[in-house]
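Under our numbering, the sequence shown has 1243 at position 3, and the numbering climbs by one with no breaks. I have placed the structure first, in the form of structure tokens, so that the comments after it can refer back to it.
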Amino acid sequence: IGRTLMQEAELLLLDEPFANVDSDTVDILIRILRQMADEGVTIIIVLHDMDHLRRLADEVLMLNGGHGRWVAPSALNHQHAPAQMVPFTLGGRHAGTA
């Protein structure tokens, strides 16, 4: 993240950036990432933690078996995502299959 800030990159790819990170540092990282996004940086993050996802994401793409299965803007994340994502997190093949 620091290198991206220094290089003024347009795209940032992160894989589980909050794994093994204390909650205070996660809060700092989320604020930094939100600021970067507000400044026009495209950020693609692989996350499995729904709380972090809700705090950070503008859009969500749920992948299952390498295929996009569910897409939603942030407005839906808080209201509908958990119920629609449960089949995927339990190993279902598509929405409605557990």
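Where is the CB? At the ideal position from N, CA and C, for every residue including glycine.
Name the one or two DSSP bridge partners that HIS1307 has. If you number the sequence shown from 1, residue 1307 lands on position 67. In DSSP, HIS1307 forms a bridge with ASN1304.
Could you give the first and the last residue of the continuous alpha helix (DSSP H) run that contains VAL1266? Translated into the one-based positions of the sequence shown, residue 1266 becomes position 26. Looking at the DSSP string, the run of the alpha helix (DSSP H) that includes VAL1266 is 1263-1278.
Between ALA1283 and MET1276, how many whole angstroms is the CB-CB distance? I'm expecting something under 8 Å. Looking up residue 1283 in the sequence shown gives position 43. Looking up residue 1276 in the sequence shown gives position 36. Before going on, a small fix: residue 1283 reads as Ile here, not Ala. Their Cβ separation, rounded to whole angstroms, is 6 Å, which keeps ILE1283 and MET1276 in contact under 8 Å.
Note down the Cα distance separating HIS1288 from ARG1294, rounded to an integer number of angstroms. If you number the sequence shown from 1, residue 1288 lands on position 48. If you number the sequence shown from 1, residue 1294 lands on position 54. Those two C-alpha atoms are separated by around 11 Å.
Hey, how far is the Cα of VAL1281 from the Cα of LEU1251? By 1-based counting over the sequence shown, the position of residue 1281 is 41. By 1-based counting over the sequence shown, the position of residue 1251 is 11. Approximately 6 Å between the Cα atoms of the pair.
Tell me VAL1286's beta-bridge partners as DSSP assigns them. As a position in the sequence shown, residue 1286 is number 46, starting the count at 1. Its beta-bridge partners are ASP1255.
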